[in-house]
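There are 4 protein chains.
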Amino acid sequence: MHAINKQVDKPKSNCGVVGVFGHPDASIFAYQALYALQHRGQESSGIVSSDGEKVYRHLGMGLVNDAFSDISILKGLKGQLAVGHNRYSTTGSTMLHNAQPFLVNFKEGPLAISHNGNFVNSKSVRSRLVADGSIFQTTSDTEVVLHLMARSREETIVKRIRDAFAQLKGAYSMVLLTRESIIGIRDPRGWRPICLGRKDGAHFIVSESCALDLIGAEYLREIEPGEIVIIDKSGVNSYWLEEQVERKACIFEYVYFSRPDSKIFDENVDKARRKLGKNLALEHPVDADIVIAVPDSSNTAALGYANRSGIKFEIGLIRNHYVGRTFIHPDQSERDFKVRVKFNPVEGVLKGRRVVVVDDSIVRGTTLKQLTKMLRKAGAKEVHVRVSSPPIISPCFYGMDFPTMDELIASNKTIEEIRKYLGVDSLGYLSLEGMVDAVSNDQKGFCTACFTGDYPLPPEEASNKLKYEDAGTISNNTY
Amino acid sequence: MHAINKQVDKPKSNCGVVGVFGHPDASIFAYQALYALQHRGQESSGIVSSDGEKVYRHLGMGLVNDAFSDISILKGLKGQLAVGHNRYSTTGSTMLHNAQPFLVNFKEGPLAISHNGNFVNSKSVRSRLVADGSIFQTTSDTEVVLHLMARSREETIVKRIRDAFAQLKGAYSMVLLTRESIIGIRDPRGWRPICLGRKDGAHFIVSESCALDLIGAEYLREIEPGEIVIIDKSGVNSYWLEEQVERKACIFEYVYFSRPDSKIFDENVDKARRKLGKNLALEHPVDADIVIAVPDSSNTAALGYANRSGIKFEIGLIRNHYVGRTFIHPDQSERDFKVRVKFNPVEGVLKGRRVVVVDDSIVRGTTLKQLTKMLRKAGAKEVHVRVSSPPIISPCFYGMDFPTMDELIASNKTIEEIRKYLGVDSLGYLSLEGMVDAVSNDQKGFCTACFTGDYPLPPEEASNKLKYEDAGTISNNTY
Amino acid sequence: MHAINKQVDKPKSNCGVVGVFGHPDASIFAYQALYALQHRGQESSGIVSSDGEKVYRHLGMGLVNDAFSDISILKGLKGQLAVGHNRYSTTGSTMLHNAQPFLVNFKEGPLAISHNGNFVNSKSVRSRLVADGSIFQTTSDTEVVLHLMARSREETIVKRIRDAFAQLKGAYSMVLLTRESIIGIRDPRGWRPICLGRKDGAHFIVSESCALDLIGAEYLREIEPGEIVIIDKSGVNSYWLEEQVERKACIFEYVYFSRPDSKIFDENVDKARRKLGKNLALEHPVDADIVIAVPDSSNTAALGYANRSGIKFEIGLIRNHYVGRTFIHPDQSERDFKVRVKFNPVEGVLKGRRVVVVDDSIVRGTTLKQLTKMLRKAGAKEVHVRVSSPPIISPCFYGMDFPTMDELIASNKTIEEIRKYLGVDSLGYLSLEGMVDAVSNDQKGFCTACFTGDYPLPPEEASNKLKYEDAGTISNNTY
Amino acid sequence: MHAINKQVDKPKSNCGVVGVFGHPDASIFAYQALYALQHRGQESSGIVSSDGEKVYRHLGMGLVNDAFSDISILKGLKGQLAVGHNRYSTTGSTMLHNAQPFLVNFKEGPLAISHNGNFVNSKSVRSRLVADGSIFQTTSDTEVVLHLMARSREETIVKRIRDAFAQLKGAYSMVLLTRESIIGIRDPRGWRPICLGRKDGAHFIVSESCALDLIGAEYLREIEPGEIVIIDKSGVNSYWLEEQVERKACIFEYVYFSRPDSKIFDENVDKARRKLGKNLALEHPVDADIVIAVPDSSNTAALGYANRSGIKFEIGLIRNHYVGRTFIHPDQSERDFKVRVKFNPVEGVLKGRRVVVVDDSIVRGTTLKQLTKMLRKAGAKEVHVRVSSPPIISPCFYGMDFPTMDELIASNKTIEEIRKYLGVDSLGYLSLEGMVDAVSNDQKGFCTACFTGDYPLPPEEASNKLKYEDAGTISNNTY
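Written out as structure tokens, the structure reads:
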């Protein structure tokens with residue numbers, strides 16, 4: 000018997016960031032916002048608060064509830080200002096060392112930072128800083144920001160920020176905390192979502208609007224690409240980074256990553272996701288008895304498909320939400336088991352039916368292969384897979400944690416080959432046009448690099464994993 | 000700020016029981032079965048195994064994964080026989096002391112027991128045993144079984160079982176372990192589900208068939224009401240309790256409690272649940288734009304309603320599955336918050352629509368009241384509540400953990416009063432006939448006491464909480 | 000690398016018991032008394048309290064401080080009555096299951112029990128009870144007491160106690176708690192120490208007087224062999240067991256086990272231990288430069304030896320008190336290392352000197368062998384071992400956890416052979432007469448069975464390990 | 000009831016440092032060395048190892064055994080090089096954030112550092128670095144070293160070290176780890192001990208020789224004041240810091256802090272400590288019956304006193320080694336209790352006697368006051384306190400954690416006033432000359448600042464607590 004990790008092959012990505020200004024118990028709201036953003040990161044969680052004099056930090060491994068296991072922790076995070084962060088798990092090794100928010104002291108006092116995104120030139124900037132005598136404590140490229148701000152010769156915080164980010168390229172939706180201000184920053188292309196909210200005179204910056212809903216705060220607006228929002232006693236002030244370019248919002252946030260009840264990029268995720276399903280139905284019709292989703296992420300697209308096609312929507316797969324590590328017996332197939340522990344087919348629904356399975360995306364295809372096998376075993380007469388996004392052929396350099404090109408099934412197989420691999424009767428992917436049409440309300444400018452290989456900002460480095468530091472430090476803590 | 004427990008007011012109930020015979024690593028399969036039965040009990044989890052000579056026990060608090068946090072624990076539970084148990088949380092005080100399986104030594108050697116259900120006369124039996132010199136270590140009525148079996152003058156295990164259960168009345172789906180056998184027992188009315196499976200020569204007894212699916216075992220059949228199944232080297236042997244009465248399977252297992260992908264009482268839960276929705280649509284039609292479910296337990300009934308009524312099914316509420324204890328601010332309403340942390344409405348779906356909300360049952364009505372308020376706030380023009388079971392008016396004495404009659408909203412209010420309390424445009428409950436029709440495939444004989452007050456076996460005691468022992472022991476452990 | 004347990008081969012034994020009556024915060028004093036009695040048991044610790052209505056229990060593994068890690072635990076143990084227990088570790092498997100105080104409900108209500116000692120006929124009594132339908136939950140022979148009291152037909156608690164103990168033979172210093180009384184019981188031979196104390200109107204029963212010192216309570220007197228002391232609202236009342244025999248107090252408590260600052264059997268341990276050293280010097284003089292102890296248990300005897308012999312006392316071995324599990328490298332000798340981690344020789348003291356090493360007893364001899372090797376390596380010119388008790392040749396059936404006869408070095412080797420095995424220049428054991436003379440102040444009647452094989456009460460069973468139950472249950476818990 | 004921390008008022012201080020080079024399982028030996036140096040720091044423990052390519056780190060709170068609770072942790076710390084650190088607890092807030100070894104990446108690759116000692120000018124150096132754009136992550140002055148080394152324009156590691164330490168003043172016995180070397184550094188005055196050892200071709204750097212004894216390594220020599228020892232593939236190479244000044248070894252290490260079985264500053268601690276007692280007997284004779292120690296730290300000095308004075312040495316106080324946090328009742332005096340939990344008087348030894356109590360030093364005097372009260376209560380006829388060091392009148396700026404001058408009893412009271420405060424019959428402190436005479440074997444040059452106020456290196460800053468950062472960061476982690 001041995002343990003398996005049941006994570007199936009969806010792109011895990013990203014992080015959740017939070018800022019609160021102007022409430023005497025800022026940390027409790029930062030905590031609730033992180034709770035609502037749990038889907039954006041499950042490795043570690045942390046909050047830094049400030050009472051205008053001291054700053055307080057707490058970091059912990061695991062889910063928000065694990066990291067903040069006692070209310071006394073929140074009570075210890077005093078003050079009217081707070082920033083928080085949920086970190087996602089990149090590898091098996093979970094490291095408190097890399098947990099955010101980072102907190103340092105520089106010449107202007109303490110500075111905390113929560114980062115969602117990825118720089119494409121941090122390695123070269125880091126090398127330059129190191130050559131100049133900087134020391135690094137983490138393998139995270141976020142630390143580069145702190146050094147650039149500390150070393151800037153500019154006098155004001157806005158100028159320091161502009162100075163620092165003039166040297167950095169990539170995706171960043173960030174929240175900073177100084178003793179007396181909360182600062183939201185979004186890169187000029189605006190890859191990652193980040194928005195502003197308000198409640199009872201307090202202001203909130205969060206990755207997705209679902210965090211405002213939980214707090215009970217009102218949604219105000221996106222932080223614009225290239226915008227710097229500084230919230231302090233004088234109010235909410237807006238500044239701009241130097242670079243002005245076309246927006247390149249991550250379309251994959253709509254396809255899979257964000258919560259369906261969120262508004263991102265000023266648009267409802269649910270609405271976009273439903274239209275992905277409708278467009279898919281138009282592009283890839285099929286004669287079938289029922290439409291089912293791979294729950295829960297594909298539910299909305301499947302409904303869209305069903306409504307547009309007129310084929311009945313059914314719940315053919317039950318998802319088990321008590322998931323975590325499981326132990327298996329050596330006689331059991333790990334691949335089979337890890338799908339089975341997460342999904343169970345509903346025989347009564349599937350038996351003798353021609354089934355359309357809607358999935359939001361295919362990364363490696365291993366899970367979907369097991370799922371479709373499971374559907375057949377439960378009696379499905381035909382299995383037709385419909386994917387509410389185009390084939391993923393290229394990795395992401397802007398924060399979405401796809402595997403390497405070698406592992407992306409669509410990067411190595413034709414659609415017909417994928418169909419055979421999955422062992423299904425037909426396979427249809429939504430076209431790029433169909434996808435962009437679904438999400439383009441009034442807005443324009445999306446990054447579709449993972450589907451096209453067309454990178455708005457090519458990575459300066461061969462990989463977004465920093466070889467140098469990875470070789471350097473493997474760190475762990477017990478408490 | 001203080002902590003709240005987000006449990007909303009659904010009947011939590013029951014327990015999950017498991018038995019494995021004939022696999023060299025029996026405990027790993029017992030563990031997996033408990034994992035699949037997690038929804039039946041989250042307070043504690045335990046396994047007892049036997050290698051024919053020694054028996055091994057491990058108990059732990061919390062979810063299966065918390066209790067069995069390391070594979071070395073499972074490896075320590077040696078042998079080809081195992082029984083397991085998931086216990087549900089009755090009160091705020093969680094007690095390892097009451098965790099099952101119980102394990103004792105009596106004249107025939109070690110005996111372990113896992114119990115799902117509730118006796119109606121355990122208090123008087125217990126008093127008699129105590130007067131006769133028995134000592135009790137727990138407040139659980141399961142312990143009574145052990146004393147009766149130990150004190151029985153009968154020679155064989157079957158006769159001892161018959162002797163013990165001739166003195167006990169109530170609901171019991173049980174698995175026992177002796178050094179060399181696994182024994183499944185089901186009370187003559189068969190309130191709780193329990194079934195048999197097989198894989199590679201090993202036999203399994205589980206509460207619901209979804210546990211067999213995860214293990215990869217084949218479903219054989221129900222253990223019949225009144226049946227004793229003894230599995231040992233000689234094979235699977237069937238015996239019968241003395242009492243022969245009409246079956247009274249718990250209809251609420253179909254309505255809400257069992258997993259939709261399970262087969263219980265030899266019928267698919269999903270199929271029954273869908274028909275509940277269909278019958279509901281026939282009984283309580285309404286002119287509306289969309290049908291939504293209170294996810295996830297009402298999904299299937301809502302689909303049934305939508306299909307039969309022809310009104311479009313939509314996902315109008317997103318359920319957050321990262322739930323647990325949450326901390327709130329004193330300014331926040333606890334009632335509001337605990338619903339909001341679990342459900343978020345999808346504005347794009349609800350705005351301007353006339354909405355049918357299908358829920359499987361209403362216990363106190365507090366959660367549903369918050370939910371419908373939330374729907375209106377998200378823009379629903381009309382809200383029509385449809386409930387896929389009749390009003391719950393009476394407590395359950397057979398294992399389902401309903402609140403007292405005072406707290407059951409339908410026990411104290413007319414349907415019109417409930418509608419007003421919920422603040423909805425209309426309210427319709429499925430009729431008793433409609434419910435029974437939906438679940439009666441070829442089978443007959445259901446207990447509907449919670450809907451009718453018509454108890455197949457009246458409780459001999461005023462309450463199923465044993466006053467005497469509750470006053471006696473409050474126990475806790477640290478490890 | 001692998002882990003070793005540094006326990007060196009001293010007889011670990013016994014348990015510590017505590018009772019408190021008449022203080023509104025009884026549990027805090029029970030806790031402190033257990034803290035002072037930590038040396039009597041390190042496996043688990045527990046307290047049961049009563050407020051006259053409810054009883055409360057907490058058990059935990061490890062040291063008192065581990066088991067009672069938070070003051071809220073003590074605050075939860077309400078009431079004016081409390082009993083506590085420290086359990087010693089018999090084997091590698093530590094089991095919460097066997098932790099005391101036991102707590103059960105019988106016909107008179109709740110009953111808790113803390114036991115120090117061992118019965119010699121519990122197996123046969125247990126068999127009789129089992130045959131009669133009793134069920135056992137632990138492998139501890141203490142559970143037998145509870146069954147006998149529960150099954151007794153007597154009306155009063157005193158009569159029930161007399162009835163139960165008329166059937167049991169062996170060593171028992173016990174404290175019981177009922178809802179409204181604390182009861183101390185000591186077997187007719189009085190093997191194990193137990194005494195009474197008082198503070199501010201509250202009464203205390205503890206294993207050794209050092210527990211009274213820490214609480215700040217006054218020492219009153221021993222509980223006499225054969226005495227039953229019942230403390231309740233009516234005051235402290237004394238009763239007697241039926242059997243009246245000669246006292247057989249455990250002489251080994253003076254030699255090694257009790258704390259030197261305790262008074263046991265109405266005599267200071269320190270005083271007795273010093274006289275053991277003096278008598279040893281008279282019996283086994285040697286021409287040497289310094290006397291050193293194996294710290295800390297032999298310090299007092301070594302001082303006695305030094306004072307009587309006129310040879311200078313020195314500290315030649317430093318004992319490391321931060322002990323626990325340690326990890327070693329495969330190249331390191333485990334035997335060497337485990338002694339080295341506990342003791343370090345002081346070269347400046349030993350170099351070139353003729354050294355008398357006083358040890359209180361020799362069990363297996365393995366540690367002492369390593370120690371004397373270590374002394375030679377540090378430069379000792381001659382090493383003369385003097386032991387302040389006679390050779391241990393027989394196991395103990397009354398609670399002291401000696402190894403089997405095979406492992407007792409003096410049971411298998413002559414003194415000259417032991418001297419050779421230890422590799423020392425001379426070896427002298429105190430004579431039986433010398434030992435008895437040292438401890439016999441005004442008192443008489445000691446058990447010297449481990450030194451003589453002369454058992455006051457022969458074991459009815461071949462072993463004090465109950466085969467039947469050992470085979471039955473191996474149990475573990477996580478919290 | 001509430002919790003107290005039983006630490007009595009001895010100077011807690013210092014840290015323990017360790018380096019290992021040249022063994023394939025370097026981390027296991029680093030762990031064992033830390034285990035032997037546990038007395039130098041109990042707050043946190045950590046190890047960084049290197050396999051020549053990657054470096055690995057593990058930090059944990061509490062004792063070495065708590066921080067390294069599983070052998071898998073040590074197995075994960077791969078490689079032939081390791082440095083370790085035990086940190087002492089300065090305040091109630093224990094912070095993993097400040098646990099060492101620190102580990103950073105700078106232009107030469109990873110660098111880990113373990114520091115014992117204290118700088119006197121780190122605040123000004125830090126301010127300069129911060130003004131120049133450095134960012135700080137901890138409140139520890141050790142971090143300054145890393146910045147200075149990273150910013151140095153020198154090419155070789157030796158020159159970088161010289162460059163960095165030319166700017167820093169104070170006490171430092173340090174061990175550094177780079178990918179391929181272990182480096183020991185000791186400040187020119189050599190306040191803190193640090194020495195070299197060897198075993199099977201591997202080399203060890205440890206704070207005290209007792210760590211070599213446990214590992215089984217041979218003691219080679221001290222690292223000299225002002226020396227830099229670099230151990231790499233080429234062997235053990237010695238270099239020198241620029242500053243060359245008179246040695247100022249901390250005399251208090253002999254008086255109290257180091258383990259008696261250690262060799263520090265090339266001299267046995269035990270030997271020095273014994274001579275302190277002898278000189279004390281010569282300076283302050285008294286007509287008494289017995290000499291007792293305040294165990295364990297004063298044992299050797301008390302023996303010296305006894306031997307020289309001819310008064311019999313006795314064990315009059317038993318020290319309880321199971322110490323930790325304890326809970327007390329509000330009616331109990333915290334001051335009394337915390338002494339009583341640690342020490343218990345032996346009445347039989349003390350009653351009616353004229354007692355000389357030898358203590359190694361008096362800091363606040365509060366514990367000793369309780370102790371002497373306790374001795375009188377146990378019957379001592381006279382109590383004469385003899386202290387084996389002079390009055391402590393000034394704080395230490397070089398790493399020993401004395402309280403502020405206000406709290407040092409000898410800084411505020413005359414000896415006669417202290418005698419009265421303690422309530423003893425006489426009080427004698429060893430003279431400065433008597434102390435220096437005792438420790439000066441062949442060596443010269445001791446720092447006696449805490450006894451004289453004569454600081455070899457005056458602190459540039461009013462306090463060695465950095466105001467700026469203390470205000471800045473309060474940090475905590477959970478795992």
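Going down the list, the sequences are from chains L, U, A and C.
Position 325 of the first sequence, counted from 1, bears residue number 324 in numbering that gives the first Met the number 0, the numbering being contiguous throughout.
Position 185 of the second sequence, counted from 1, bears residue number 184 in numbering that gives the first Met the number 0, the numbering being contiguous throughout.
Position 401 of the third sequence, counted from 1, bears residue number 400 in numbering that gives the first Met the number 0, the numbering being contiguous throughout.
Position 439 of the fourth sequence, counted from 1, bears residue number 438 in numbering that gives the first Met the number 0, the numbering being contiguous throughout.
Note that CB positions come from ideal geometry on N, CA and C, so glycine has one too.
Keep in mind the model is a prediction, meaning the values are calculated, not measured.
Contact annotation for G452/A against chain U: no contact, minimum CB-CB distance about 33 Å [criterion: below 8 Å].
As DSSP reads the structure, G78/U sits in a beta bridge with D24/U. Cβ atoms of E346/L and A377/L come within 8 Å of each other, at about 5 Å. The DSSP-derived three-state label of V119/C is coil.
Y55/L carries a strand assignment under DSSP once its states are collapsed to helix, strand and coil.
Between L367/C and V340/C, the C-beta gap is not smaller than 8 Å, which leaves the two residues out of contact. For the region 122-137 of chain L, the set of positions with a beta-carbon nearer than 7 Å to some beta-carbon of chain C reads V129, A130, G132, S133, I134, F135, Q136 in chain order. Per the coordinates, the alpha-carbon of Q166/A lies some 8 Å from the alpha-carbon of V124/A. By the neighbour-count definition (other C-beta atoms within 10 Å, threshold 16), T325/A is a buried residue. Counting along the chain, the unbroken beta strand (DSSP E) around I230/L starts and ends at 226-231. The region 195-208 of chain L makes no contact with the region 273-285 of chain L; the number of CB pairs closer than 8 Å stays below 3.
Listed in chain order, the beta strand (DSSP E) runs fully inside the region 289-325 of chain U are 289-292, 316-318, counting runs of at least 3 residues. Excluding residues up to 5 positions away in sequence, G116, A170, K247, A248, C249, Y397, G398, C446 lie with their Cβ nearer than 7 Å to the Cβ of W190/C in the same chain. Beta-bridge pairing by DSSP links N343/C to I317/C. Contact check for S360/C and M434/C: beta-carbon distance about 10 Å, past the 8 Å limit, so the pair fails to qualify.
Taken through DSSP and simplified to helix, strand or coil, D330/A comes out as coil.
Within chain L, the residues whose beta carbon sits less than 7 Å from that of C209/U are N343, listed in sequence order. Counting other Cβ atoms within 10 Å of its Cβ, E313/A reaches 16 or more and is therefore classed as buried.
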